[in-house]
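Take a look at the structure below.
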Amino acid sequence: MRKLILHLKGEYFDEIKAGRKPKEYRLVTPYWEKRLVGRSYDCIELARGYPKRGDTENRLTLPWKGVQRETIIHRHFGPHHVEVFAINVAVEPKDRSPGAAGPFHNEG
16 MRKLILHLKG
26 EYFDEIKAGR
36 KPKEYRLVTP
46 YWEKRLVGRS
56 YDCIELARGY
66 PKRGDTENRL
76 TLPWKGVQRE
86 TIIHRHFGPH
96 HVEVFAINVA
106 VEPKDRSPGA
116 AGPFHNEG
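Counting the sequence shown from 1 gives a position; the working numbering is that position plus 15.
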C-alpha cells in the first residue's frame with residue numbers, strides 16, 4: 016500500500032481533525048514535485064509533529080483524494096503569492112466512524 020506521510024504543526028493538524036481545513040499546502044519545490052507529480056497513493060497519514068510509534072491520538076489516516084497546484088498567499092509562506100501543492104485532506108461523511116474520537120475515523 017502506498018502511503019503519503021505528512022508531519023504537521025499542531026494547529027494545522029487540529030484544524031484538519033476538526034474538519035475546518037480541507038487542504039494541506041506544500042511549497043512547490045523539487046522535493047515535493049518528486050513526491051507528488053505523477054504519483055498516486057492509497058492513503059495519506061497526517062501526523063501531529065513526530066508522534067511516538069503507536070500514538071494513534073496524533074495520527075490520522077485518510078483516503079488519498081489527490082493534489083493540485085494553486086497560487087496562494089499564506090502567513091506560513093510570507094506576504095507574497097507563492098505556488099503550492101494543495102493536498103486534499105477534506106473530511107467526508109464516509110471518512111467518519113460512529114464512536115470514533117473526532118470527526119472521522121482514525122485508522123492509526
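Don't be surprised by glycine CBs; every beta carbon is placed ideally from N, CA and C.
Residue from R54, V99, Y27 and C58 whose Cα sits closest to the Cα of L77: The residue you call residue 77 lines up with position 62 of the sequence shown. Closest by alpha carbon: C58.
Distance cut-off 8 Å: V52 Cβ against heavy atoms of the ligand COA: Inclusion of the ligand COA in the displayed structure is not the case, the ligand content being empty and no account of it being possible.
Nonlocal neighbours in the same chain, by C-beta distance under 6 Å from I20, ignoring five residues either side: On the sequence shown, position 5 is the one that residue 20 refers to. Taken in chain order, the residues that qualify are E60.
Element boundaries [beta strand (DSSP E), containing E39]: The count along the sequence shown starts at 1 and reaches residue 39 at position 24. First-last of the beta strand (DSSP E) with E39: K38 to L42.
Alpha-carbon spacing of E30 relative to V106, whole angstroms: Taking the first residue of the sequence shown as 1, we reach residue 30 at position 15. Taking the first residue of the sequence shown as 1, we reach residue 106 at position 91. Whole-angstrom Cα-Cα distance: 11 Å.
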